[in-house]
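*Asks:*
In the numbering used here, the protein residues as written are 7 to 306.
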């Protein structure tokens, strides 16, 4: 590319909708150097690869929310208010990763890498400042409350602190409740990043979103996956992953019901939900005695 796109340029096009970081179809098409309709046509031809957690169509209320996040976004949806143009599609980080594999253009490879770096940069920024964001959100909510509701708000805050103390999540065990998707993913990414040599994942429902999590591993850490033969993950998906983040080996098994993750053959996590569903419903995790590792390895 003659003019490399900066991270800042891309980050300005990342918005938060439905609790997820997304990019709008028009912005992605612009970065790729193609028309928006060409991008959306590529998606339609491969629609089975884009479930709702990968891509969704914005409502008019969500368009207003995006406009409020940054002033320059006002021109992004010009013509939408009159209803004459189709509502745009939003792509999550997983959806963007999938999109880069189905859209063909001369600049796709280089732009894909830059956008992925921008998503990672934004995620790290949010992780590093999550407490500040939570406090700002709380302050904003309190500002719009009337004096009549102040006592009720104080009670809710006290209950929140009580639950935070009661269900403290550490590295050995914890409970994540429905909706705590970001917290759950952040915690398990820290487990993945702790591996020095090897990660063994036993999960019957592995898909591309799980590979996104595993991409956070350290360099030269090998991954072995045991999943159901009916998984939607393909050999091509594994090959594409290994070209950038070597190395994953995928095996099939129907013997396991529960999910386990083994780190460096020393730490054994028992997980109450598939890695692709973390935080979607209430689940717990715990570290089991490492003496169980040989038995699990022999019975996969």
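Beta carbons are placed, not taken as given, at the ideal position from N, Cα and C, and that holds for glycine. Since the structure is predicted, the reported quantities are computational estimates derived from the model, not experimental observations.
Whole angstroms is fine: what's the gap from residue 16's alpha carbon to residue 95's?
*Replies:* About 17 Å.
*Asks:* Using alpha carbons as the reference points, say which of 190, 200, 191, 27 lies closest to residue 121.
*Replies:* Selected option, being the one with the closest Cα: 27.
*Asks:* What ranges does the alpha helix (DSSP H) occupy inside the region 276-306, keeping only unbroken runs of at least 4 residues that lie completely in it?
*Replies:* DSSP runs (the alpha helix (DSSP H)) wholly in the region 276-306: 299-304.
*Asks:* By how many angstroms is the C-alpha of residue 185 removed from the C-alpha of residue 289?
*Replies:* Roughly 11 Å separates the two Cα atoms.
*Asks:* Identify whether residue 87 lies in helix, strand or coil by the three-state DSSP scheme.
*Replies:* Confidence at residue 87 is low in this model, with a pLDDT of 43, below 50, so its placement is unreliable and the value that follows should be read with caution. Reduced to three states, the DSSP call for residue 87 is coil.
*Asks:* Taking the alpha carbon of residue 263 as the point to measure from, which residue in 279, 32, 181, 220 has its own alpha carbon closest?
*Replies:* That would be 279, whose Cα lies nearest to the Cα of residue 263.
*Asks:* Give the single residue among 54, 53, 31 whose Cα lies nearest to the Cα of residue 43.
*Replies:* The residue with the shortest Cα to Cα distance from residue 43 is 31.
*Asks:* Looking only at its own chain, which residues have a Cβ that is under 6 Å from the Cβ of residue 37, when we skip the five neighbours before and after it?
*Replies:* Counting only Cβ-Cβ distances below 6 Å, and skipping sequence neighbours, we find 117.
*Asks:* Can you tell which of 70, 299, 231, 52 has its C-alpha closest to the C-alpha of residue 210?
*Replies:* Taking only the C-alpha atoms, the option nearest residue 210 is 231.
*Asks:* Could you give the distance in angstroms between the alpha-carbon of residue 301 and the alpha-carbon of residue 207?
*Replies:* Distance between the alpha carbons of residue 301 and residue 207 is about 15 Å.
*Asks:* For residue 197 and residue 220, I'd like the C-alpha separation in whole angstroms.
*Replies:* The straight-line gap from Cα to Cα measures roughly 10 Å.
*Asks:* Could you pull the start and end residues of the beta strand (DSSP E) that residue 44 belongs to?
*Replies:* Premise fails: residue 44 lies in the alpha helix (DSSP H), 42-51, not in any beta strand (DSSP E).
*Asks:* Give me, in chain order, the residues of the same chain whose beta-carbon lies closer than 6 Å to that of residue 257; leave out the 5 immediate sequence neighbours on both sides.
*Replies:* Excluding residues within five positions, the ones whose Cβ falls inside 6 Å are 232.
*Asks:* For residue 23, which residues of its own chain have a beta-carbon under 6 Å away from its beta-carbon, when the five flanking residues on both sides are left out?
*Replies:* 68, 96, listed in sequence order.
*Asks:* Quick check on DSSP: helix, strand or coil for residue 32?
*Replies:* Helix.
*Asks:* Taking Cβ positions, are residue 215 and residue 60 nearer each other than 9 Å?
*Replies:* Result yes, Cβ atoms of residue 215 and residue 60 sit closer than 9 Å.
*Asks:* Have a look at residue 202 and residue 191 and give me their C-alpha separation to the nearest angstrom.
*Replies:* Taking the straight line from one Cα to the other gives about 19 Å.
*Asks:* What number of angstroms, rounded off, separates the C-alpha of residue 85 from the C-alpha of residue 73?
*Replies:* Confidence in residue 85 is poor, its pLDDT being 46 and thus under 50, which makes the residue's placement unreliable; the coordinate value appears in the next sentence. Rounded to whole angstroms, residue 85 to residue 73 spans 13 Å at the Cα level.
*Asks:* Residue 213 and residue 237 - do their beta-carbons sit closer together than 9 Å?
*Replies:* In this structure, residue 213 lies closer than 9 Å to residue 237 by Cβ.
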